[in-house]
Structures are given as C-alpha cells and as structure tokens.
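Report on one structure; see the data block that follows.
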Amino acid sequence: MSKCSDFPYLPSQLELEDEILDQLSNRPGNQRCVVGRDELLLVVHEVPKCGSPDREPLIFWRRSDGIWIDYAGGKGLRRLGELVDRYVKLIDEQEDIINEADTAEEVFTLARIAGPLARSTRNLGIAIDQTLSQDEDTRELRSYRDRVREVERAAEQLNQDAKLTLEYWKAERSEEQQAAADKLNKIAFRLNLLAGFFLPLVALGGLFGMNVDLPDFVQGWFWLIFCGGLLTGGTLVWIVSRNTGSKS
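Now the structure itself:
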C-alpha cells in the first residue's frame, strides 16, 4: 500500500519520500511548496466557488529526477497552466457582470467571489515563488508564475471594483434619500406656513362664531375682523419665513 494512503487528498500513484510526508497532515492546508530531501510537493487550490469555504487541493510532485507529475498522473506542469486559465476565465466573466450589473444584489454576489479570488491567486503566486526558490531552472514554472502575477492584479482590481461599486451605489442612494427628505421638508414647511397664515383668521372665526350673544358693535365689523385676521396671519408668515431664511 502506498504511504500516501494516510493522506486522502494525495493521489494514490504518488510515492513521496518520508521527508515530505512528515511535513503533511490529513488536511491539505494552504497553498505552498513542501520541500523534501530530493523532491518537491506543490500544493495549490482549485478556483474557489462562491459561498463555499472549502478548497479543492491540486497536487504537483517533482520527483528526484526533476520530472513533474500532476495530480492526474500526467507528466509536466500543463495542468497548472490549465488552472491559471480557469482563473482567467472566471475573472473575465465577473468583469462582464460588474459592467452590466443593475442591482446591488448582483454586485454583492460578485464581491463574495472576488475576495476569495484575490486571496487565492495571491497565495498561488506565493506557492510558485517558494517552488522556484528550490527549482530555479524550470522556465515553464517561471512563465506560470508571471501569468499568475497578472491574474493576481486582475483579481485584486476586480475585488476593488466590486467594493467601490457597492460604496458608490450606497452613496448614490443616500443622496437620493437626502434629496427626497429635503423635498418633503420643504413641502411640510410650505404647508405649515399656509396653516399659520389662516390660523389667526380661524381663531377669530371660532371665537366670534360661537353660539353666544355678541355685542352689537361686533356684528357689523365682519370685514374688519376678516382683514385683521389675514393681516395677522401674513405678519406671522413673514416673521417665520424671515427667521428661517436668515438661519439657512
């Protein structure tokens, strides 16, 4: 039985040296390069899925003779390049979404995947750098490292764009709400002025319109009382408007 059978995430066809196995646990852990006596083990993650905290490990083993074996048993690092291609494809799809997004829910969903994408690509680049420090002559690996750096910048930009879009929409909605509140305040102020204009007249009308006997001199003064009420209301409106205008 293979010694790797104690590590469920390792492909069964790998025959790793004890120096590498001693550094592993039953969990794949973060993206990294594990250095043995004569071998290297590159642990990377599949493209993260939105809303899923689990990461699918992809294993690349450099044997003591310098040949790389991937997680499917193939020779070389071709599948590492395919992984980078999947990152590029997903980032391009998300960039199209953010350019056409019409709702905050769409941008929020994008932000949930953009953050893990940025972290995953950054850690992938770190893992490849660690590998290159032990295997400097692998030109193919250097090429993938440079591609990953470009993907990392794109993922970081996507993450930043998603955050800025949400902040922009938040500020825009806040401005719209503030403008609506100001409009309602102006309408309420005008209604209050109108009510204040007729308040003295209503008060006088209520006072002299009560079902009681009034003196004779009051009954003939209708127009004087009416005009006096309007004048008083107009004076109150002028005073309130003047004080309000001076404060603003």
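Each residue of the sequence shown is one higher than the last, beginning at -5 in my numbering. Yeah, the Cβ is synthetic: ideal placement off N, Cα and C, and Gly gets one too.
Residues sharing a beta bridge with residue i, DSSP
i: Trp55; result: Leu35 and Ile63
i: Val28; result: Leu35
Distance between beta carbons of residue j and residue i, contact taken as under 8 Å
i: Ile92; j: Asp131; result: That belief does not hold up - the Cβ atoms of Ile92 and Asp131 are roughly 40 Å apart, past 8 Å.
i: Arg49; j: Glu40; result: 7 Å
i: Ala98; j: Leu160; result: 7 Å
i: Asn20; j: Phe1; result: 6 Å
i: Leu126; j: Arg136; result: 6 Å
i: Leu51; j: Pro22; result: The question names Leu, yet the displayed sequence has Pro at residue 51. That belief holds up - the Cβ atoms of Pro51 and Pro22 are roughly 4 Å apart, short of 8 Å.
i: Leu10; j: Trp55; result: 7 Å
Selection from the options that minimises the alpha carbon distance to residue i
i: Asn153; options: Glu99, Asp32, Asn179 and Ala105; result: Ala105
i: Gln88; options: Thr229, Asn186, Arg167 and Ala149; result: Ala149
i: Pro42; options: Gly67, Ala108, Trp62 and Ala95; result: Ala108
i: Val37; options: Trp232, Tyr65 and Asp12; result: Tyr65
i: Pro81; options: Gly45, Val142, Gln124 and Cys44; result: The residue you asked about is not Pro; residue 81 is Tyr in the sequence shown. Considering only alpha carbons, the answer is Val142.
i: Leu8; options: Trp163, Leu185 and Gly67; result: Gly67
i: Gln151; options: Ala182, Lys180, Pro110 and Gly228; result: Pro110
Sequence-distant residues of the same chain with beta carbon closer than 6 Å to residue i, five excluded per side
i: Gln128; result: Val29 and Leu34
i: Glu146; result: Thr115, Arg116 and Gly119
i: Asp32; result: Ser58
i: Leu18; result: Phe1
i: Tyr162; result: none
Spatial neighbours of residue i in its chain, beta-carbon cut-off 8 Å, leaving aside the 5 residues before and after
i: Tyr138; result: Leu71, Leu74, Gly75, Val78 and Ile122
i: Lys69; result: Ile61, Trp62 and Ile63
i: Ala95; result: Val101, Leu104 and Thr159
i: Ala182; result: none
Own chain residues within Cβ distance below 7 Å of residue i, not counting five before or after
i: Asp140; result: none
Which runs of the alpha helix (DSSP H) fall wholly inside the region 57 to 143 and span at least 4 residues, in chain order?
Listed in chain order, the complete alpha helix (DSSP H) runs (minimum 4 residues) inside the region 57 to 143 are 72 to 94 and 98 to 128.
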